[in-house]
Amino acid sequence: MSTVTLSVHVSDIERLFREHNRALIAFLQCRLNSLSDAQEVAQEAYLRMLTMDNREEVDSLRGYLFKIAGNLAIDRLRKRKVRSDFAIVQSQDEPMDEQSPDHHAMAVEQVAGLRHALRELPAKASQAFVMHVIEGRDFGSVAQTMKLSERMVRYHVAHALAHCRARVDEKEVP
Amino acid sequence: MANQQQEEIVQTAADWWVRLREPNADGDTVEQWLAWTAEDERHLEAFERMNAFAERLGHLDRVSRQALINAFARPVPPRRHWLPLAAAASIAVVVLSGAVYYGWAHFASGDTTQTYQSAVAQNRSFSLPDGTKVALGAASTLTVHYGRDRRSVELRGGEAFFDVVHDNSRPFVVTAGDVSVHDIGTAFDVRRTGERVMVAVTQGRVEIADLRTGASQRNTLEATAGQRVSFDPNASGMAVDTMATEQVTAWRNDRLEFIDEPLGVVIANLNRYTSKPVHIVDADLNKLTYTGTVRTDAIDSWVGALPEVFPLRVSKETDQIMLSDARHAEQH
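Which chain is which? The protein sequence lines are A and B, in order.
Residues in the first sequence are numbered from 1 upward in steps of one, following full-length UniProt numbering.
Residues in the second sequence are numbered from 1 upward in steps of one, following full-length UniProt numbering.
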């Protein structure tokens, strides 16, 4: 009996993977701001699904998969923070530049294009965008600094993101 | 037409990107997002491009990153025109009497913490056991802890000037709120106004760190003689400009020098030198920018002359002075 349950289970997971893997990776990349981390966490989420033992209590496997993945992403962000705090303790006397391998040098003209696009926006939109997307501060901290509600910060960031994305697109696509 | 449709998709993808980033986004949000991605294959594609774009921007090289932060993420207070205040030039004598402070008992023998506190309108000078000279401004509090391998000083409020005897084996570190100043053979001034901190170096070099940010984003910079570093908790970085030694240490000769500082900061520092505190009633006045000199013995007349240069009204009461926005007053 347990064998039957397991085989059904595995095929369910395979189907989930086929149908939703791309969306899952996109969801995780959004959370983690890193495609490679997203791929790792997605794999871990499928493993969790395969080894779960309370399948009957779950109404939607897909919902459950995204929930597990979301929680794993939160763990991953927490670990990242601990790691980087530790790195500071370790390298207090070292200059703090390019210590992480995943720095992308942006072409000068692309940075110039971005600056240009940001200048076209209301000051609050570009400020919220730079603090969140470039500087990596969370919405709560940006809201506090700008003395705005988090909802307004999200509104500004979304507006600026769409604007900059569209502007950079114009340049990239001939 | 197709272009407009594409723009809408990009905007919607950006909205979703922001909503999904919230770690507390609930299951319903995710379900709605999945439904949106299933509507049209261009939707998920646009979302993926948004992810790639944001990832790239989140991992910029340090120089581009800092340049963008400096250009956009640092609020600039509106500049107002100002004139030198002739009224502040009158001269009187302030008599300095002994400030309140707690002595050095048992200090040199071990890990002891000493607190120094000066009274309103009273500067104080003293030496620490290693020969480091400290000049403490009025209404300022300093806690000194000399451990075996570190000399730690905390400026809880006010201003202090340090002439440090350098010792490689025992660094001298001053913290003021979220800022730490690490001596590299030096004389420097630290002023703390609430959470705002200003460090001005008159000799040698110091390393200044912003203690707020953890992680790789830690903001550290080196300042040399003649440089002034300003930390504003509302700005994302520290600002560097220049300030001459005479200006930095003017307060020791009963003159407070300000260069492009918010009126709120100027008033808070003047209040350390007057028994009749000045209060700003309308918060928007805090943002006015002031450059100039104020004699600590002529604060009253300086305040009296303020309406000549700023749109504000001065109301003198028996034990305090109120500053209100002149434009508000007209409306009443």
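For every residue, glycine included, the Cβ atom is placed at its ideal position computed from N, Cα and C.
If you're wondering where the values come from, they're calculated on a predicted model, not measured in any experiment.
Query raised in the report: At a Cβ threshold of 8 Å, is G63(A) touching chain B?
Result: yes
Report task. Classify E94(A) as helix, strand or coil using the three-state DSSP reduction. Result -> With a pLDDT of only 35 at E94(A), under 50, the local geometry of the prediction cannot be trusted, and the value read off the model is given with reservation. The answer is coil: DSSP assigns E94(A) none of H, G, I, E or B.
Query raised in the report: In the structure shown, what three-state DSSP assignment does F139(A) receive?
Result: helix
Query - Collapsed DSSP secondary structure at A305(B) in the structure displayed - result: helix
Query raised in the report: Where residue 333(B) and V168(A) are concerned, what is the direct C-alpha to C-alpha distance, given to the nearest angstrom?
Result: The displayed coordinates of chain B run from 1 to 332. Any statement about residue 333(B) would go beyond what the structure contains.
Query raised in the report: Would you call the CB atoms of N219(B) and M198(B) closer than 8 Å?
Result: no
Requested in this report: For R192(B), go through chain A and note every residue whose CB falls closer than 9 Å to its CB, in chain order.
Outcome: Those within 9 Å of R192(B) in chain A number zero; the least Cβ separation is about 19 Å.
Report task. Would you mind telling me which residues of chain A sit closer than 7 Å to K37(B), beta carbon to beta carbon, in chain order? Result -> Position check: residue 37(B) holds Thr in this sequence, whereas Lys was assumed. Near T37(B) (Cβ distances below 7 Å), the residues of chain A are A23.
Requested in this report: Could you tell me the distance, in whole angstroms, from the CA atom of L114(A) to the CA atom of I69(B)?
Outcome: Taking the straight line from one Cα to the other gives about 12 Å.
Requested in this report: Compare the C-beta of Q11(B) against all C-beta atoms of chain A and say whether one is closer than 8 Å.
Outcome: yes
Report task. For F139(A), decide whether its Cβ has a neighbour in chain B, counting only Cβ atoms nearer than 8 Å. Result -> Yes, F139(A) lies at the interface with chain B (some Cβ there is under 8 Å from its Cβ).
Query - Coarse secondary structure for Q114(B), derived from DSSP in three states - result: strand
**Report entry** Close beta carbons around I267(B), own chain, < 7 Å, minus the five adjacent residues each side
**Finding:** Contacts found: V278, I280.
Query raised in the report: Buried or exposed: S91(A), going by 16 or more other Cβ atoms within 10 Å of its Cβ?
Result: The pLDDT assigned to S91(A) is 40, lower than 50, so where the model puts this residue is not dependable; a value taken from the coordinates is nonetheless given after this. Exposed: under 16 other Cβ atoms inside 10 Å.
Query - Environment of R124(B) [buried if 16+ CB atoms lie within 10 Å] - result: buried
Query raised in the report: Using a beta-carbon distance below 8 Å, is N168(B) in contact with chain A?
Result: no
Query raised in the report: Do the CB positions of A121(B) and T318(B) come within less than 8 Å of each other?
Result: no
Query raised in the report: With C-beta atoms as the reference, is L155(B) less than 8 Å away from A139(B)?
Result: no
Requested in this report: Mind listing, in chain order, the continuous alpha helix (DSSP H) runs of no fewer than 4 residues lying wholly within the stretch 26 to 57 of chain B?
Outcome: 27 to 39
Query raised in the report: Which residues of chain B have a Cβ atom closer than 8 Å to the Cβ of E135(A), listed in chain order?
Result: R65, I69, A73, Q217, S236
Query raised in the report: Any residues in the stretch 22 to 55 of chain B with a beta carbon nearer than 8 Å to a beta carbon of chain A? Which ones, in chain order?
Result: E22, P23, A25, G27, V30, E31, W33, L34, T37, L44, F47, E48, R49, M50, N51, A52, F53, A54, E55
Requested in this report: Could you confirm whether any beta carbon from chain B is found closer than 8 Å to the beta carbon of M131(A)?
Outcome: Yes, its Cβ sits closer than 8 Å to a Cβ of chain B.
Query raised in the report: Whose C-alpha, out of G137(B), R170(B), T115(B), V201(B), is nearest the C-alpha of D163(B)?
Result: V201(B)
Requested in this report: Determine the burial state of T186(B): buried for a count of at least 16 other Cβ atoms within 10 Å of its Cβ, exposed for fewer.
Outcome: buried
Query raised in the report: According to DSSP, is M243(B) helix, strand or coil?
Result: coil
Query raised in the report: Is H132(A) buried or exposed, if buried means 16 or more other CB atoms sit within 10 Å of its CB?
Result: Buried, by the Cβ-count rule.
Query raised in the report: Apart from the five residues on each side of it in sequence, which residues of its chain come closer than 8 Å, Cβ to Cβ, to T37(B)?
Result: H43, L44, F47
Query raised in the report: What is the DSSP secondary structure of T296(B), counted as helix, strand or coil?
Result: helix
Query raised in the report: Does K67(A) come within less than 8 Å of chain B when only Cβ atoms are used?
Result: yes
Requested in this report: With a floor of 4 residues, list each alpha helix (DSSP H) that falls wholly inside the stretch 176 to 248 of chain B, ordered by position along the chain.
Outcome: 245 to 248
Query raised in the report: Counting contacts by CB-CB distance shorter than 8 Å, is L72(A) in contact with chain B?
Result: no
Query - Cut-off 7 Å between Cβ atoms - residues of its own chain near R154(A), not counting five sequence neighbours on either side - result: If you ignore the 5 residues before and after R154(A), its C-beta comes within less than 7 Å of the C-beta of F139, all in its own chain and listed in chain order.
Query raised in the report: Can you list, in chain order, the residues of its chain whose CB lies under 6 Å from that of R31(A), leaving out five sequence neighbours each side?
Result: Closer than 6 Å at Cβ, skipping near neighbours: A73.
**Report entry** Nearest residue (CA-CA) to I259(B), options R272(B), A244(B), T132(B), A225(B)
**Finding:** Of R272(B), A244(B), T132(B), A225(B), the residue nearest in Cα terms is A244(B).
Report task. Less than 8 Å between the CB atoms is what I'm expecting for N33(A) and A54(B), so what's the real figure, rounded? Result -> 6 Å
Query raised in the report: What does a CB cutoff of less than 6 Å around R228(B) pick up in its chain, not counting 5 residues either side in sequence?
Result: A200, D241, M243.
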